[in-house]
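Working notes for the structure below.
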Amino acid sequence: MLLADDEEAVREISRKTLERFGYKVLLAANGAEAVSLFAQHREKIAVVITDMSMPVMDGAATIVALRTIDPHVKIIGSSGMGSGSHSAMARAAGIGLGCFIPKPYTADVILNTLRKILTRESPPPAGGQA
Numbered sequence: 000m001l002l003a004d005d006e007e008a009v010r011e012i013s014r015k016t017l018e019r020f021g022y023k024v025l026l027a028a029n030g031a032e033a034v035s036l037f038a039q040h041r042e043k044i045a046v047v048i049t050d051m052s053m054p055v056m057d058g059a060a061t062i063v064a065l066r067t068i069d070p071h072v073k074i075i076g077s078s079g080m081g082s083g084s085h086s087a088m089a090r091a092a093g094i095g096l097g098c099f100i101p102k103p104y105t106a107d108v109i110l111n112t113l114r115k116i117l118t119r120e121s122p123p124p125a126g127g128q129a
């Protein structure tokens with residue numbers, strides 16, 4: 000799994016939680032790092048969790064870049080619950096992101112969301128073609 004978030008505390012707490020439940024986690028501080036890591040370790044990454052508001056490359060641009068590499072990549076978007084959260088959710092829906100969790104999220108929320116997305120079949124590529 001790949002976790003991209005610009006907040007170090009969020010990355011570390013999430014990593015520790017996920018590793019405690021048996022997940023192997025790669026960390027990225029922004030979208031550009033996430034895309035680079037995904038390109039290098041694609042075969043080992045079952046899902047990407049990305050913050051929607053990051054410097055360098057935001058979540059929406061990260062998702063587009065990841066889908067260019069692998070149209071079937073499973074992605075969970077996340078954003079803080081401030082006023083920008085609704086626009087982040089709307090942008091996520093606009094690029095076909097099926098899973099979105101608001102921050103701060105609990106261990107139960109992230110683990111249940113992961114379980115759902117990992118057992119779901121891969122979506123068709125953007126544009127509706129198989």
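Mapping to numbering that gives the first Met the number 0: the sequence shown position 80 is 79, numbers consecutive. Idealized CB from N, CA, C, for every residue including glycine. These figures come from a predicted structure and were not determined experimentally.
From the DSSP output, in three-state form, read off residue i for me.
{"i": "V47", "result": "strand"}
{"i": "I62", "result": "helix"}
{"i": "S94", "result": "It is worth fixing the name first, because residue 94 is Ile in this sequence and not Ser. Three-state DSSP puts I94 in coil, outside helix and strand."}
{"i": "S52", "result": "coil"}
{"i": "F20", "result": "coil"}
{"i": "A38", "result": "helix"}
{"i": "A28", "result": "coil"}
So, is residue i buried or exposed, given that buried needs 16 or more other C-beta atoms within 10 angstroms?
{"i": "N111", "result": "exposed"}
{"i": "D107", "result": "exposed"}
{"i": "F37", "result": "buried"}
{"i": "T49", "result": "buried"}
{"i": "E32", "result": "buried"}
{"i": "G58", "result": "buried"}
{"i": "T105", "result": "exposed"}
{"i": "A8", "result": "exposed"}
{"i": "S35", "result": "exposed"}
Ignore the nearest five residues each way along the sequence and tell me which others in residue i's own chain have a CB closer than 7 Å to its CB.
{"i": "I116", "result": "V46, K73, I75, C98"}
{"i": "A69", "result": "First, the residue type needs correcting, since residue 69 is Asp and not Ala in the sequence shown. So the qualifying residues of the chain are R41."}
{"i": "L96", "result": "I62, I74, G76"}
{"i": "A28", "result": "D5"}
{"i": "A60", "result": "G30"}
Going by beta carbon distance, what residues of the same chain come within less than 8 Å of residue i, once the five residues before and after it are set aside?
{"i": "V63", "result": "I94"}
{"i": "I100", "result": "I75, G76, S77, V108, I109, T112"}
Can you tell me the Cβ-Cβ gap for residue i and residue j, rounded? I've got them flagged as a contact below 8 Å.
{"i": "R14", "j": "L2", "result": "7 Å"}
{"i": "V55", "j": "G79", "result": "18 Å between Cβ atoms; not a contact."}
{"i": "L26", "j": "R10", "result": "5 Å"}
{"i": "Y22", "j": "M0", "result": "5 Å"}
Ignore the nearest five residues each way along the sequence and tell me which others in residue i's own chain have a CB closer than 6 Å to its CB.
{"i": "M53", "result": "D5, N29, G30"}
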